[in-house]
Amino acid sequence: MTADGNGNLVQLTAKDFKSDQEVRWCPGCGDYAILNVIQGFMPELGLTRERIVFVSGIGCAARFPYYMQTYGMHSIHGRAPAIATGLAVSRPDLSVWVVTGDGDALSIGGNHLIHALRRNVNLKILLFNNEIYGLTKGQYSPTSRIGKVTKSTPMGSLDYPFNPLSVAIGAEASFVARAIDTDKKGLTEVLGAAARHRGSAFVEILQNCNIYNDGAFDFVREDKANRIYLAHGERIRFGAESEKGVQQYPDGSLRVVDVDEAGENSLLVHDTAHAQASLAFALSRITFETHGAVPLGVFRALERPVYDDLMSEQLDRARDERGEGDLAALLHSGDTWTVG
Amino acid sequence: MTADGNGNLVQLTAKDFKSDQEVRWCPGCGDYAILNVIQGFMPELGLTRERIVFVSGIGCAARFPYYMQTYGMHSIHGRAPAIATGLAVSRPDLSVWVVTGDGDALSIGGNHLIHALRRNVNLKILLFNNEIYGLTKGQYSPTSRIGKVTKSTPMGSLDYPFNPLSVAIGAEASFVARAIDTDKKGLTEVLGAAARHRGSAFVEILQNCNIYNDGAFDFVREDKANRIYLAHGERIRFGAESEKGVQQYPDGSLRVVDVDEAGENSLLVHDTAHAQASLAFALSRITFETHGAVPLGVFRALERPVYDDLMSEQLDRARDERGEGDLAALLHSGDTWTVG
Amino acid sequence: MSSTKPVEQLERVVIRFAGDSGDGMQLTGDRFTSETAVFGNDLATLPDFPAEIRAPAGSLPGVSGFQLHFADHDILTPGDQPSVLVAMNPAALKVNIGDLVKGGTVIVNTDAFNDRNLQKAGYESNPLEDGSLEGFHVHPVALSSMTVEALKEVEGITSREAERSKNFFALGLMSWLYHRPMEGTLAFIESKFAQRPEIAEANTRAFKAGWNYGETSEDFAVSYEIAPAQLAPGTYRQVSGNTALTYGLVAASRLSGLPLFLGAYPITPASDVLEQLAQMKHFGVRTFQAEDEIAASGAALGAAFGGALGVTTSAGPGVVLKSETVGLAVTLELPLLIVDVQRAGPSTGMPTKPEQADLLMVLFGRNSESPVPVVAASTPAGCFHAAIEAARIAIKYRTPVFLLSDAYLANGSEPWLIPDVGELADISTEFATEPNDGDAFLPYRRDPETLARPWAIPGTPGLEHRIGGLEKADETGNVSYDPENHDLMTRLRAAKVAGIAADIPELEVDDPDGADTLVLGWGSTYGAIGAAARRVRAGGRTVATAHLRYLNPFPRNTGEVVRSYEKVLIPEMNLGQLRMLIRAQFLVDAAGYNKVRGRPFRAAELEDAITALVDS
Amino acid sequence: MSSTKPVEQLERVVIRFAGDSGDGMQLTGDRFTSETAVFGNDLATLPDFPAEIRAPAGSLPGVSGFQLHFADHDILTPGDQPSVLVAMNPAALKVNIGDLVKGGTVIVNTDAFNDRNLQKAGYESNPLEDGSLEGFHVHPVALSSMTVEALKEVEGITSREAERSKNFFALGLMSWLYHRPMEGTLAFIESKFAQRPEIAEANTRAFKAGWNYGETSEDFAVSYEIAPAQLAPGTYRQVSGNTALTYGLVAASRLSGLPLFLGAYPITPASDVLEQLAQMKHFGVRTFQAEDEIAASGAALGAAFGGALGVTTSAGPGVVLKSETVGLAVTLELPLLIVDVQRAGPSTGMPTKPEQADLLMVLFGRNSESPVPVVAASTPAGCFHAAIEAARIAIKYRTPVFLLSDAYLANGSEPWLIPDVGELADISTEFATEPNDGDAFLPYRRDPETLARPWAIPGTPGLEHRIGGLEKADETGNVSYDPENHDLMTRLRAAKVAGIAADIPELEVDDPDGADTLVLGWGSTYGAIGAAARRVRAGGRTVATAHLRYLNPFPRNTGEVVRSYEKVLIPEMNLGQLRMLIRAQFLVDAAGYNKVRGRPFRAAELEDAITALVDS
Ligand SMILES: Cc1ncc(C[n+]2csc(CCOP(=O)(O)OP(=O)(O)O)c2C)c(N)n1
Ligand SMILES: Cc1ncc(C[n+]2csc(CCOP(=O)(O)OP(=O)(O)O)c2C)c(N)n1
Ligand code: SF4
Ligand code: SF4
Ligand SMILES: [Mg+2]
Ligand SMILES: [Mg+2]
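Chain order of the listed sequences is L, V, E and G.
The numbers in my numbering rise by one with no breaks, and the one at position 176 of the first sequence is 770.
The numbers in my numbering rise by one with no breaks, and the one at position 113 of the second sequence is 707.
The numbers in my numbering rise by one with no breaks, and the one at position 581 of the third sequence is 619.
The numbers in my numbering rise by one with no breaks, and the one at position 580 of the fourth sequence is 618.
Take a look at the structure:
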């Protein structure tokens, strides 16, 4: 239930969050699934639509704001975290969401992303990772795999890819999670956790671009046995029968083991709120290539002072200490003299 | 010994690497110490001066190239890794060094830094971290600590700082190390390891800015007992009497223990070349604030294909497969027709 | 196959293919163009795809078009208005019908005119039935179902896949209608779909079925012949601006002996220069897809420092990010080629649409006095020589150079008389290898003629030196805050660029009849201005034209030329950028014809504008 | 204290303090200026610090200077040449002596003239002894040793610390020499060094010792009085451009009722606007030191979207990085204030030196047609009103606005008649709160008069809407690729900015005697042009002056003004940027006087230039 402008309680539904703009992604694009989940999730925020803002950069993903019946800005390539920072910091009453792509967030916008994360600005950043530049028709992106043949890498990509979660954790992100476009339940849960987290929340959403990079995530999007759902305080298990688990080596790295063989108690217990980010980082290194499975859900959710709050507090403190600013007094500060 | 242009062996010395430009840092600046160590180290490269290039951005640190009797470019703020990438990739015969500051590398230049690291371009990146903007006279930087009072933060900084090594490891750096400006031995060793590493080498050098941030690193710069020197394959010990050591918790985080109490064998063994970066990351989280000590030396040195090599290989392969490009044939490719 | 029906002779035709983004209209247009080129007509094309994302099938924003003008004489533009429209669905009809000439021909895919599609296109009733197409010559063709029918014996394809071949059916029909040679397309299908022989088979059959339909259907009573044009002798190919640009860059690398290093970040409509150069590794071309435009230009500059031909390509919203690097290159005095394939703005604007409004940005978009030469291409094929020329200037004068193209040139194509590689001029330079002041090396001691400084690349023993973005002392290049030195260096940098005027051809004027009015253009308006001038002259009036290929510095006779006419008209797809420069520099009261619609001028509107001025 | 020695009356003095970067010359100059201001002279200052890093003590690049011009009448510039030079060491003497007027006075710290320092300054012999200062009136003063001597009883300071107080000794001496009131400086020392009473004590003693030295030393036979100037009645303070700008921004926030959000990244010479605004948190000012200039401007724009007065401050090399964001703001039609404190370029250039060469960049440095209003301050104090005016335009017209200052205005200072806060005009606006089309909200439906669109900020129920960088349909703001719409929107954006001409004052001309020649200026050349015109007139010639405070659009009578003079001279610290605009727009053959030396014009050189043109 949400209070509207007049204080009346109203129950918003997904439909209330659909704008009148025709959705213009390619038929079959994973973005549709995400849009549906987010529109479905929005009422859970318990906010009226005018309090919500979606800010995006440029890319297929970045068209997102047009389809949401909230405030929105489709800005410039890579800069959404910076623009959203200004908005969130000066308007702490708003719920500010950033929608971005792997190119937008990690290529041109990498710097703004990591700085927003370290500052812990109250932003929810949703990165639609399709491991390709969709909008510009199929060049490789910073998450494309080595050897990937794309329009701009006819002999295969040479660039070692970023692991978005490792980047975020290395950049001091206080909240880091992952979900899959078509996994309505998992994605909804992650969105909820992100929304509840005060501060920056970084969510990687594995998104299928069926035109330029179809099937990039089939191993986990199609094969549920390869999904490791993380749950705080619980031992990390997965597999069709939960027959596999994650264990830690003495050197800090993680391996996948057979639960029956290794014993349930030898499994790692997930802790989203550890003071040290090392565990979350190690989990981010579990990939299909290295471990044959992909962790999903919340990797890290650590409470840390929020930039916007801290700034508001300084303003309050300044006023407490110095009184509300007096313009005339300011202009007269320092040595003055009067001419008769 | 170095072969000069005529193939004669010559023994270069530090003096050969001093340019004729007057050094213009503030008296007492830690940059002087670094300059001396680097000039002293250069002959070890075994390269003639013309094969070496220093590229920098803008900042006090970035004046560095002017003082080196090598090729050099003092470029624009934050962009040195990008410029150096172009140079290194197109000239694999050169030894390309980037000198940068904490503002230059991690504020405006953060994106270029992380991309150079993930690509593993053959660059040696030296970040002079003084936790302040020196050249612009004392504003806080992305490595300044929370609460730091500077010219631009009269009530204290609100920004949670980056840990440069965590950022680098999160960005897939293949070589990561740390040294102290005045620690000639430690710094020289790290430079040597960086030079030997093929690919991107990232070195954080703790540097004292005695004008705007004096004493920022005194706890480790002055107090050697707080230095944890890392050595590959060895258990991690430190302290005046090597009485302390580093142990790993079951949750992946690290703690400092008393060796006598905990037992030598319980200590973590350092491994710079582990396939998973988790250990290096966990080590990067050991700080004075959290653990009372600071690791120095090489955190990570993993062999990985080098971007420049990979690109050269593709060029070679293309020529092998398609023959050396023939301009006339290219122009005539596709449908052509002849008018009588 | 040759037609048995009556044949009519035409001088020129303008066809527009239009359909859904997924309907393969660009491919269809390309193929028809190739057939036409090989046949020997002169031609010009105008692809027109609206947005970057494939909009939902059947919607208005999803319509993709391809216009082709071909003739038995030399032509200059892709044509103002199509005389023939091929519309694959209602949306394509709706979007394009307004452009068709009165009495023009419409070929529609009737299968697509179902309720759902009509509704998506916003038609309240079926235009094929409600009489709204009266006045046009409509050929209703059941393209989809006839294609499916024709392919029912092809094995291994679904009926959806079969339906997708309908564009080849349409192509076959149009090829029949205009007597295009079929061989090229048949060979193309073979090679393009070599990996999927069943698709090759399907497309081949569809193509032939379309041809046969034309030949047999009573709806098509006549076919048309457009005789080959009289082109200069030589070997031709069809080329788009982006391809010609790519070739020009590769040629510049060869002609200069410098390895090509491209730093680029994808952006419409410049991306395919990156993509095409990535295919040129056997030419020693290194392409670096950077993290952003700043890094792209930075890497190119770094490569230039190392002795490469450093190039960076983008469109306006990306070029704006390169400004700081270009400023550095200005003061470092290193060669750097910055290609701006202009598109409609401001900001993200209309990414696939042409505009020529970045001129002032490339001239002035940097802090302080930061002069950069600017070269602009005027035709798709002209991008080849423009690229070589821009590289020549950059290398010879050690300066960044802007090369301007636009979305129209980039995607448009025309026949190109392939140059003889052996006759392309050498543009090589010499690196400094020796001290130039006794034992010392002065990196800013200039060549007295060109004012270029020596280019001493790392690896050269004895010439170790440092350069940077701070002001440099004359000759030594050391950091200098000396006031008079700064003034001197500022003027030297300006003089170096201004001096290039002596090294470029004079502005050519086309003025057969001694006119009072000059039409001065630059960039991709070349064709439209030329066509308009022909019409004006055909109408009995006199008009002169001149086209600037160098925007900075101007050719040395530019002032003389513009001052020698009573009236000067400068048509631009912007609000008057060249006009401002000409007025300021030569104090000539030049008028403008300015439209900013994200599409090329039509000859007819320019004809009107010129006529009005001539008569005024 | 008052002097017992003979007193001479002077009308004006120009003093330059010069010493090592570590010698505290800026502080000394500031204090002397404050004393002078409080005394009631008119004044103007010119700080001059060469590079950003403290070069090694005693070196030429390490010299820092501060020039002050004060007089008993109103003055316009910090003076062409100092008549008095205080040189704390040989390097300071070497760098500055060439500027001193013939017969001028030099006060030197003899203690610093040791061999080492002489050598560092490149002196082969001691200029105090080798006769090279003949022709000047030299006062050798053992500043260092006398200071140490005077402080030997102060406890808790080292002798090095004692020596550091020598600048206060010098200040005391100069204060005596020119009859400056001491109280302000004594109070200043108390408060500034409140945390370190021993330093306060030392500086106080040094200051007094300097005064006493003047009074007792036989070397100083006379002292000087410069009567207070006749200034308009009111309360004054001394203000630098950056401080006035800061105050102007705070005032604009108050006057508009919008909270101020500053996004900035440090850069010389703009950093202290960020630093000063960071002190204004009790005014509700949020300062955000961003990761770079792109983020700084982005955050300011984001804040503006949310209803704040979004401001971003930088210098040329940083402003160039904001271009893409400004382009977005142009198309979003949101208020945004971009402050460019210009410095010498190109590229990094000479960071502490003034230039006015970013004009064309701010006008044209964005892709496509992207019009932005430009306001320029002309004097340090004038930065206050310029900031308010720029904010007013941004808010009222929903547009980014550039505000130009430069390093000279930023650091220079002058007396300022403090405005009555109550009399500053309201610049508030109204946010949209209701639908404007029946039940619907059209975010691009414009106010017919201003052409501004409604500003509906998030949080406003019912007005949810999306804006973006793609071209927007008129009124609805929906993405549109329609050609005619794009042309319309391009023209509407241009018309909106052009229309501001109706809302700004006409260009004022100062032409007391009906001259033939107009000198047209903009920015910080105001003082020098005014002073030069006075001289020209004093020399019996006639000349008119006018100064542009709006560079886009120009005041509506600008054409009329420039066309009404036979000759127009446009002096600029660039190669002719305004001149180009004036020539293009009005077809007037304006001449330029252009020097790009990284320092303000001297009145004398402009006098010569004007005289030459008047006489031509
Ligand atoms: C400054 C700038 N550079 C480049 C572009 C072109 N561009 C638009 S989106 C995009 C990348 C899109 O990739 P991603 O962020 O992964 O989004 P996706 O389309 O895959 O959802 C690029 C390069 C641009 N619009 N602006
Ligand atoms: C584009 C641009 N923005 C800002 C500046 C101003 N600037 C120069 S150096 C610097 C920061 C220097 O800090 P750091 O990199 O830590 O180097 P340090 O001086 O501390 O060695 C800044 C902000 C600039 N030169 N260019
Ligand atoms: S190109 Fe890919 S990401 Fe973009 S809309 Fe199409 S399917 Fe989706
Ligand atoms: S300001 Fe700091 S970092 Fe810069 S030269 Fe001085 S001491 Fe060194
Ligand atoms: Mg993507
Ligand atoms: Mg620093």
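In this text, a Cβ means the ideal position worked out from N, Cα and C, and glycines have one as well.
Cβ-heavy atom distance, residue i to ligand 6, below 6 Å
{"i": "Gly728 of chain V", "result": "yes"}
Residue i - containing alpha helix (DSSP H), residue span
{"i": "His826 of chain V", "result": "From DSSP, His826 of chain V is part of no alpha helix (DSSP H); its letter is neither H nor E."}
{"i": "Ile985 of chain V", "result": "Given a span of 595 to 934 for chain V in the structure shown, any question on residue 985 of chain V remains unanswerable."}
{"i": "Thr254 of chain E", "result": "Pro235 to Thr254"}
Check: residue i C-beta below 6 Å from any heavy atom of ligand 1
{"i": "Asp852 of chain L", "result": "no"}
Nearest-angstrom beta carbon gap, residue j and residue i [assumed within contact, 8 Å]
{"i": "Glu798 of chain L", "j": "Leu711 of chain L", "result": "With 8 Å as the limit, Glu798 of chain L and Leu711 of chain L do not qualify as a contact, their Cβ atoms being about 12 Å apart."}
{"i": "Val133 of chain E", "j": "Val101 of chain E", "result": "5 Å"}
{"i": "Thr417 of chain E", "j": "Leu447 of chain E", "result": "7 Å"}
Cα-Cα separation between residue i and residue j, rounded to whole angstroms
{"i": "Gly578 of chain G", "j": "Glu452 of chain G", "result": "29 Å"}
{"i": "Trp619 of chain V", "j": "Leu98 of chain G", "result": "14 Å"}
{"i": "Tyr564 of chain E", "j": "Ala428 of chain E", "result": "19 Å"}
{"i": "Ser408 of chain G", "j": "Pro736 of chain V", "result": "34 Å"}
{"i": "Arg637 of chain E", "j": "Arg772 of chain L", "result": "43 Å"}
{"i": "Pro543 of chain E", "j": "Val599 of chain E", "result": "14 Å"}
{"i": "Asn804 of chain L", "j": "Asn280 of chain E", "result": "27 Å"}
{"i": "Met39 of chain G", "j": "Glu228 of chain G", "result": "Annotation note: pLDDT 49 at Met39 of chain G (below 50); position unreliable, coordinate value reported separately. If you take the alpha carbons of Met39 of chain G and Glu228 of chain G, they lie about 19 Å apart."}
{"i": "Glu46 of chain G", "j": "Val683 of chain L", "result": "60 Å"}
Simplified DSSP state of residue i, which is helix, strand or coil
{"i": "Pro473 of chain E", "result": "coil"}
{"i": "Tyr901 of chain L", "result": "helix"}
{"i": "Trp214 of chain G", "result": "helix"}
{"i": "Leu629 of chain V", "result": "helix"}
{"i": "Cys421 of chain G", "result": "helix"}
{"i": "Lys718 of chain V", "result": "strand"}
Element boundaries [beta strand (DSSP E), containing residue i]
{"i": "Asp137 of chain G", "result": "Unbroken run through Asp137 of chain G: none, as it is neither H nor E."}
{"i": "Phe55 of chain G", "result": "Arg50 to Asp58"}
Check: residue i C-beta below 6 Å from any heavy atom of ligand 2
{"i": "Ala569 of chain G", "result": "no"}
Residue i beta carbon near ligand 4 (any heavy atom closer than 6 Å)
{"i": "Asn630 of chain V", "result": "no"}
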